[in-house]
Amino acid sequence: MATAVLTGHMATKILPINGSLSVVYIKAAQYSSDGRPNLAAYKRGTGGRSSFNGIVATVFGCSGFVGRYVCNKLGKIGTQMILPYRCDFYDVQRLKVCGDLGQVLFTPFDLRDEESIAKAVRYSNVVINLIGRDYETKNFKYMDVHVDGARRLARICREMGVERFVHLSYLNSEEHPKPLVMKTASMYKISKYLGELAVKEEFPTATILKASDIYGSEDRFLRAFASVLRIQGNHMPLYKNGLATVKQPVFVSDVAQGIVNAIRDPETKCQVYQAVGPKRYLLADLVDWFYKLMRKDEKWGYARYDMKYDPLFPLKVTMLNKLSPAYPFGNLHWEGLEKEATTDVLVSGVPTLEDLGVTLTQMEDQVPWELKPYRAYQYYMDQLGEFPKPDPPKVQPLTI
Numbered sequence: 002m003a004t005a006v007l008t009g010h011m012a013t014k015i016l017p018i019n020g021s022l023s024v025v026y027i028k029a030a031q032y033s034s035d036g037r038p039n040l041a042a043y044k045r046g047t048g049g050r051s052s053f054n055g056i057v058a059t060v061f062g063c064s065g066f067v068g069r070y071v072c073n074k075l076g077k078i079g080t081q082m083i084l085p086y087r088c089d090f091y092d093v094q095r096l097k098v099c100g101d102l103g104q105v106l107f108t109p110f111d112l113r114d115e116e117s118i119a120k121a122v123r124y125s126n127v128v129i130n131l132i133g134r135d136y137e138t139k140n141f142k143y144m145d146v147h148v149d150g151a152r153r154l155a156r157i158c159r160e161m162g163v164e165r166f167v168h169l170s171y172l173n174s175e176e177h178p179k180p181l182v183m184k185t186a187s188m189y190k191i192s193k194y195l196g197e198l199a200v201k202e203e204f205p206t207a208t209i210l211k212a213s214d215i216y217g218s219e220d221r222f223l224r225a226f227a228s229v230l231r232i233q234g235n236h237m238p239l240y241k242n243g244l245a246t247v248k249q250p251v252f253v254s255d256v257a258q259g260i261v262n263a264i265r266d267p268e269t270k271c272q273v274y275q276a277v278g279p280k281r282y283l284l285a286d287l288v289d290w291f292y293k294l295m296r297k298d299e300k301w302g303y304a305r306y307d308m309k310y311d312p313l314f315p316l317k318v319t320m321l322n323k324l325s326p327a328y329p330f331g332n333l334h335w336e337g338l339e340k341e342a343t344t345d346v347l348v349s350g351v352p353t354l355e356d357l358g359v360t361l362t363q364m365e366d367q368v369p370w371e372l373k374p375y376r377a378y379q380y381y382m383d384q385l386g387e388f389p390k391p392d393p394p395k396v397q398p399l400t401i
């Protein structure tokens, strides 16, 4: 059996060769908190799924929307993954097949339990924080997850000697946001902003990605509009009829690829990236296009209107949240409506996913497939050309 001892910045590895012991000197890529070299962090193979690329990554939030895509991309390039889970193990067991045999490991943790966090990151040289909440519960408020939890993760990673820390935040986070739909400022935006500050304070070399609305399979952007609870009869209520909001949605696979590219490039340390799509659209044009793709156009009865003229819609939102305080039915809640009404604002000079080498996905290529399960006349065998392909939404000029 091979043994290893630490000698300065080099690790001496003793290997049995032809019945005798041979001493091989190897450069230590990382040491554990007690000074022992992490021999798992040495590259082996050619860089594919069945090799090992030298990255041991702990992915917090691995079972979430973005987390599943990140784990899939990490496994394809031979990353050893440590996946902490909070609830039932069977919620995350499907991620076992993201990597090769023995390369995907699981460990239970709690965001308030520092010992379990330290155990999850002890042998990792990369930690990715994808933990976030779109809505509050009785156990976890926005500040608990986005600020206190992010600070705790960043601090423990720094203390455990983690080399890279990647944090996913929100594009429109700010300290003093102006209320749009709600009567008070959005705590989602505020907590995301304070979480970025907390991460920078505890882990100065962290890489932060500020994402706009992310769409993809099982998202909370497209499917929020497609929900039967979001629409009033056949009419769609929007903030100022959707004419005052400009969106730049990004595909979830592009965000995941940006994260993977960031951890493989040491030049991304201390950087902030804006994770946005390639084009900007008026929200009204986007929603109209969504419903045309679902075969629910004007002939079906679709129309949109300004939500402030509908007294029943706020009542429905409030009642749905009271009926289910643990999870908002149809993703219909006030913070979600506030986020929906917010225009994506880009900061000049701040790099984007394209600076990370990501080829961005066009919404016109991906969204029709995503909304196909929500089409009207789903079981009707239509003739070729019977339902014409709707024109894509008009692209808005990029203004920074």
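For the sequence shown, position 386 matches number 387 in the working numbering, and the numbering has no gaps at all.
Don't be surprised by glycine CBs; every beta carbon is placed ideally from N, CA and C.
What you are looking at is a predicted structure, and each value in this text was computed from that prediction instead of being measured.
Which listed residue (the options) has its alpha carbon closest to that of residue i
i	options	result
Pro374	Asn332, Glu355, Pro352 and Lys297	Lys297
Met237	Phe226, Asp345, Asn130 and Leu244	Phe226
Gln379	Met295, Trp335 and Gly358	Met295
Leu399	Leu347, Pro393 and Thr353	Leu347
Ile209	Thr353, Tyr86 and Val396	Thr353
Tyr171	Tyr194, Met144 and Met382	Tyr194
Leu239	Val200, Val67, Asp89 and Tyr310	Tyr310
Gly243	Thr108, Ala155, Thr59 and Val182	Val182
Lys77	Met144, Val261, Arg221 and Val93	Val261
Arg152	Leu198, Thr108 and Ala276	Leu198
Asp89	Phe107, Asn130 and Asn73	Phe107
Gly302	Val122, Val247, Ala377 and Met382	Ala377
Phe388	Leu284, Gly103 and Lys300	Lys300
Thr80	Gly48, Phe66 and His177	Gly48
Val251	Ser174, Lys280 and Gly68	Lys280
Glu355	Val167, Val128, Val71 and Val256	Val256
Per-residue burial, residue i [other beta carbons within 10 Å of its own, 16 or more giving buried]
i	result
Arg231	buried
Asp114	exposed
Val229	exposed
Glu116	exposed
Glu202	exposed
Trp370	exposed
Cys63	buried
Arg95	exposed
Phe53	buried
Glu341	buried
Met320	exposed
Pro85	buried
Gly234	exposed
Gln258	buried
Ala327	exposed
Leu313	exposed
Ala276	buried
Gly217	buried
Cutoff 8 Å: residue i Cβ touching any chain D Cβ
i	result
Met144	The structure shown contains no chain D; it is built from a single protein chain.
Residues that DSSP places opposite residue i in a beta bridge
i	result
His334	His334 pairs with nothing; no bridge assigned.
Leu239	Asp307
Lys211	Ser170 and Gln275
Tyr216	Phe252
Three-state secondary structure assigned by DSSP to residue i
i	result
Lys309	helix
Val127	strand
Arg45	strand
Val6	With a pLDDT of 38 at Val6, under the threshold of 50, the modelled position of that residue is not reliable, and the figure given next carries that caveat. Strand, per DSSP.
Thr138	coil
Thr353	strand
Gln233	strand
Val396	strand
Leu372	coil
Arg221	coil
Lys390	coil
Thr246	coil
Ile132	coil
Thr362	coil
Gln384	coil
Met320	helix
Val348	coil
Gln379	coil
Lys300	coil
Ser228	coil
Pro315	helix
Ser117	helix
Check: residue i C-beta below 7 Å from any heavy atom of the ligand FAD
i	result
Arg305	The model depicted lacks the ligand FAD and carries no ligand whatsoever.
Alpha helix (DSSP H) runs wholly inside the segment 140 to 205, at least 4 long, in chain order: The segment 140 to 205 contains these whole alpha helix (DSSP H) runs: 151 to 160 and 188 to 203.
Any beta strand (DSSP E) of 3 or more consecutive residues that is wholly inside the segment 248 to 298: Entirely contained in the segment 248 to 298, the beta strand (DSSP E) runs reaching 3 residues are, in chain order, 273 to 276 and 281 to 283.
Entirely enclosed beta strand (DSSP E) segments - the segment 52 to 114, minimum 3 residues: 57 to 61, 81 to 86 and 105 to 109
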